[in-house]
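Chains as they are written, first to last, in this note's numbering: chain L, 422 to 778; chain S, 988 to 1127. Ideal Cβ placement from N, Cα and C applies to all residues, glycine included. No experiment lies behind these values; they were computed from the predicted model shown. Step one of this worksheet: look at the structure below.
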């Protein structure tokens, strides 16, 4: 007999209520007050969310958000800053760590959770796949970013699903270093993400998207989803938690030392063409926060550079380690770039990083 | 995911949250085991309760972020924090690079020595890690 999970659709809520519910439901699951749960969430008004360890001052264009009625809040999960417009769909899975069939090993768990959503997208005709560590992509372009956290004996794994995405508002609302790039490079940045509407050529009704994801999640996890509402204990807890999540203390609960947020750029001429690297680095922790590589070289398959960027994200920024990361990537992946070597990519990234040293 | 690849020093004690504990009288140095750091992945942020904070076994000692996962650090013993490793707070990757050395997290003055018997020795912890590995293999 298949295990029953609760299917919770909390509809469109302000950011503080959605963030508070993450904690409330996780707490309730950890205490055994509610069953394993799949939740759909949407935001109204649109909002910007920073990751648990991020600082609003460094990640959000606060004045722009104020002028445009964009909520600002903090997630209980990690990762980077996100813009959610009212058409995005969030999906979340809450479960006991002892749930049969769910790996405890994080990378295996990421894969399983993402594959359940991939199966749902397939029902909509989208050929998506899991990209380690924790993204879902369509032909190399990200359609869903994911992340998670844990409390006691339960965990929460959540993701976004880009349905019809307003890239311009995202760029204006977030402190993104790409604003310093040329228009052509910003266009290239847009190619890193994709939404359902672009993939399918139309946007299916939200109810259809939710039903497809529910089917995929049920199939991959081997569960039955039963629609349900919040338990009374969750409603009571939400009443207590909401003021906390609405408070400046939570939203600005800055835990990270201020750090430079600048983009470092470098170029390198190679026989195969010009390579441009733009790198955002966390100096204190000596890691690359994000890397963005463009140029006029030819890459086969085209997604090769997107995959390299994914590998570089959160990797060490020490020069020798950068070379190792890049070389390792080219050894493990069949990416062909005539006239450009792995060392060229390592070199241009190190050139960009040198600007900070 | 065979446990034979994980470093499990014989002179330390362990708990099921993948902490190691090094005892010295009524003081304990605490860090994350090799298996624990490998599971969580590259550590990007670490937030620890400050010196002087008291905790009961099972309380949250801080949080740790790798990629997009935020995990809680749960106290393996009750006591008061008497020292935190400033190096690891500044550069949490030391947890990955040197889990049993430069990656130590904090030092605790133990308030309940009876709790020590609940920790695993290296042999027990190796069995526990192997059990986790077997469970993962069954899931496939």
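Distance CB(residue i)-CB(residue j) smaller than 8 angstroms
i: residue 582(L); j: residue 510(L); result: yes
i: residue 595(L); j: residue 504(L); result: yes
i: residue 449(L); j: residue 655(L); result: yes
i: residue 1073(S); j: residue 1106(S); result: no
i: residue 761(L); j: residue 718(L); result: yes
i: residue 1044(S); j: residue 1011(S); result: no
i: residue 684(L); j: residue 697(L); result: no
i: residue 781(L); j: residue 533(L); result: Since the first residue of chain L shown is 422 and the last is 778, residue 781(L) is not available in this structure.
i: residue 480(L); j: residue 502(L); result: yes
i: residue 428(L); j: residue 647(L); result: yes
i: residue 624(L); j: residue 584(L); result: yes
i: residue 551(L); j: residue 559(L); result: no
Among the options, the one whose alpha carbon lies nearest that of residue i
i: residue 522(L); options: 771(L), 552(L), 669(L) and 639(L); result: 639(L)
i: residue 753(L); options: 713(L), 740(L), 728(L) and 768(L); result: 728(L)
i: residue 1109(S); options: 1083(S), 1045(S), 1021(S) and 1013(S); result: 1021(S)
i: residue 610(L); options: 520(L), 643(L) and 563(L); result: 563(L)
i: residue 782(L); options: 738(L), 750(L), 565(L) and 767(L); result: In this structure chain L extends from 422 to 778, so residue 782(L) is not present and cannot be described.
i: residue 1000(S); options: 1117(S), 1116(S) and 1112(S); result: 1112(S)
i: residue 499(L); options: 756(L), 470(L) and 491(L); result: 470(L)
i: residue 435(L); options: 569(L), 490(L), 538(L) and 765(L); result: 490(L)
i: residue 473(L); options: 432(L), 495(L), 558(L) and 693(L); result: 495(L)
i: residue 1071(S); options: 1054(S), 1085(S) and 1092(S); result: 1092(S)
i: residue 1040(S); options: 1069(S), 1023(S), 1003(S) and 1059(S); result: 1069(S)
i: residue 657(L); options: 693(L), 546(L), 597(L) and 454(L); result: 454(L)
Rounded Cβ spacing between residue i and residue j (contact assumed at less than 8 angstroms)
i: residue 734(L); j: residue 709(L); result: 7 angstroms
i: residue 513(L); j: residue 463(L); result: Contact flag wrong, Cβ pair sits at about 12 angstroms.
i: residue 515(L); j: residue 446(L); result: 5 angstroms
i: residue 1076(S); j: residue 1036(S); result: Wrong, their Cβ atoms sit about 11 angstroms apart, outside the cutoff.
i: residue 589(L); j: residue 517(L); result: Actually they are not in contact, since the Cβ atoms of residue 589(L) and residue 517(L) sit about 42 angstroms apart, beyond 8 angstroms.
i: residue 497(L); j: residue 1030(S); result: Wrong, their Cβ atoms sit about 18 angstroms apart, outside the cutoff.
i: residue 712(L); j: residue 730(L); result: 5 angstroms
i: residue 554(L); j: residue 1054(S); result: 5 angstroms
Whole-angstrom distance between residue j and residue i, CA atom to CA atom
i: residue 475(L); j: residue 1078(S); result: 16 angstroms
i: residue 1025(S); j: residue 620(L); result: 36 angstroms
i: residue 1016(S); j: residue 468(L); result: 42 angstroms
i: residue 459(L); j: residue 608(L); result: 35 angstroms
i: residue 706(L); j: residue 653(L); result: 43 angstroms
i: residue 988(S); j: residue 487(L); result: Confidence is the limiting factor: at residue 988(S) the pLDDT is only 39, short of 50, which leaves the residue's position unreliable, though a coordinate-based value still follows. Straight-line Cα distance between these residues: approximately 49 angstroms.
i: residue 1038(S); j: residue 1050(S); result: 15 angstroms
i: residue 637(L); j: residue 622(L); result: 22 angstroms
i: residue 535(L); j: residue 443(L); result: 19 angstroms
i: residue 423(L); j: residue 1123(S); result: 20 angstroms
i: residue 663(L); j: residue 465(L); result: 16 angstroms
i: residue 671(L); j: residue 1061(S); result: 22 angstroms
i: residue 740(L); j: residue 604(L); result: 29 angstroms
i: residue 630(L); j: residue 586(L); result: 15 angstroms
i: residue 1088(S); j: residue 1006(S); result: 13 angstroms
i: residue 461(L); j: residue 1048(S); result: 31 angstroms
i: residue 1090(S); j: residue 1083(S); result: 7 angstroms
i: residue 699(L); j: residue 715(L); result: 9 angstroms
i: residue 742(L); j: residue 1114(S); result: 34 angstroms
i: residue 556(L); j: residue 1101(S); result: 45 angstroms
i: residue 1095(S); j: residue 549(L); result: 48 angstroms
i: residue 385(L); j: residue 1042(S); result: Missing from the structure shown is residue 385(L); chain L here goes from 422 to 778 and no further.
i: residue 1130(S); j: residue 1097(S); result: Outside the displayed range of chain S (988 to 1127) lies residue 1130(S), so it cannot be described from this structure.
i: residue 725(L); j: residue 773(L); result: 20 angstroms
i: residue 433(L); j: residue 617(L); result: 19 angstroms
i: residue 738(L); j: residue 544(L); result: 40 angstroms
i: residue 744(L); j: residue 1121(S); result: 35 angstroms
i: residue 1052(S); j: residue 661(L); result: 26 angstroms
Residue i classed as buried or exposed, judged by whether at least 16 other C-beta atoms fall within 10 angstroms
i: residue 678(L); result: Interpretation of residue 678(L) is limited by its pLDDT of 44, a score under 50 that renders its predicted location unreliable; the figure taken from the coordinates is listed afterwards. Exposed.
i: residue 626(L); result: exposed
i: residue 721(L); result: exposed
i: residue 612(L); result: exposed
i: residue 669(L); result: exposed
i: residue 1081(S); result: buried
i: residue 451(L); result: buried
i: residue 688(L); result: exposed
i: residue 665(L); result: exposed
i: residue 681(L); result: Reliability of the predicted coordinates at residue 681(L) is poor, the pLDDT of 45 falling under 50, and no value is obtained from them.
i: residue 964(S); result: Residue 964(S) cannot be examined here, being either before or after the span of chain S that is shown, 988 to 1127.
i: residue 767(L); result: buried
i: residue 519(L); result: exposed
i: residue 765(L); result: buried
i: residue 993(S); result: buried
i: residue 757(L); result: exposed
i: residue 998(S); result: exposed
i: residue 1119(S); result: buried
Proximity test, residue i beta-carbon vs the ligand ADP heavy atom, cut-off 7 angstroms
i: residue 488(L); result: With respect to the ligand ADP, the structure shown offers nothing to examine, as it has no ligands at all.
Name the residues in the segment 566-577 of chain L whose C-beta lies less than 8 angstroms from a C-beta of chain C; which are they? This model lacks chain C altogether, as its protein chains are L and S.
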